[in-house]
Amino acid sequence: MSQVQQIDSLRELYVGSLSLREKANFASRRPAEIVKMLVNSECMLVRDFLLAHYLADTRVPIKSLLQQKKRSLDLYRYILTAKLIPVEKEILLSYMNANIHQLDEVIVEVKH
Numbered sequence: 038m039s040q041v042q043q044i045d046s047l048r049e050l051y052v053g054s055l056s057l058r059e060k061a062n063f064a065s066r067r068p069a070e071i072v073k074m075l076v077n078s079e080c081m082l083v084r085d086f087l088l089a090h091y092l093a094d095t096r097v098p099i100k101s102l103l104q105q106k107k108r109s110l111d112l113y114r115y116i117l118t119a120k121l122i123p124v125e126k127e128i129l130l131s132y133m134n135a136n137i138h139q140l141d142e143v144i145v146e147v148k149h
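Residue numbering for the sequence shown follows this note's numbering, beginning at 38 and increasing consecutively.
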């Protein structure tokens, strides 16, 4: 999958719920800003999964946790190949590392 196809598929994941005005603003932003928005959205998704897991009466199924981890890893891979300033890349990767680590902890807890 080419880098253009990757970013298009990632955009589809997170742009679906935006208004037309927000979509126009989103399309006009530079690539680094788009990646930052994607990472922010991913962090919020992981936070929501963790809240659902720890605060809900029923636990989140392991299949859902693994799917979320796959999305996080896909975004991590994209950041590695994106044309970003090294400092930006390092910061974004650290956020994704934290997300993936948190998901790993929950997955291990669910498995045992």
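Here a beta-carbon is modelled for each residue, glycine too, at the ideal position from N, C-alpha and C. What you are looking at is a predicted structure, and each value in this text was computed from that prediction instead of being measured.
Suppose you measure from the CA of lysine 148 to the CA of lysine 100; what does that come to, to the nearest Å?
11 Å
Taking the alpha carbon of valine 76 as the point to measure from, which residue in Glu146, His138, Glu142, Tyr132 has its own alpha carbon closest?
Tyr132
Check: How many Å lie between phenylalanine 86 and leucine 102 at the Cα?
Finding: 8 Å
So, is alanine 119 buried or exposed, given that buried needs 16 or more other C-beta atoms within 10 angstroms?
buried
| field | Limits of the alpha helix (DSSP H) - the one that valine 145 falls within | value | 123-148
Inset, instruction - My understanding is that tyrosine 115 touches isoleucine 137, with C-beta atoms under 8 Å, so please give their C-beta distance in whole angstroms. - result: About 14 Å; that fails the 8 Å criterion.
Looking only at C-alpha atoms, which of Pro68, Ser78, Val97 sits nearest to serine 109? Ser78
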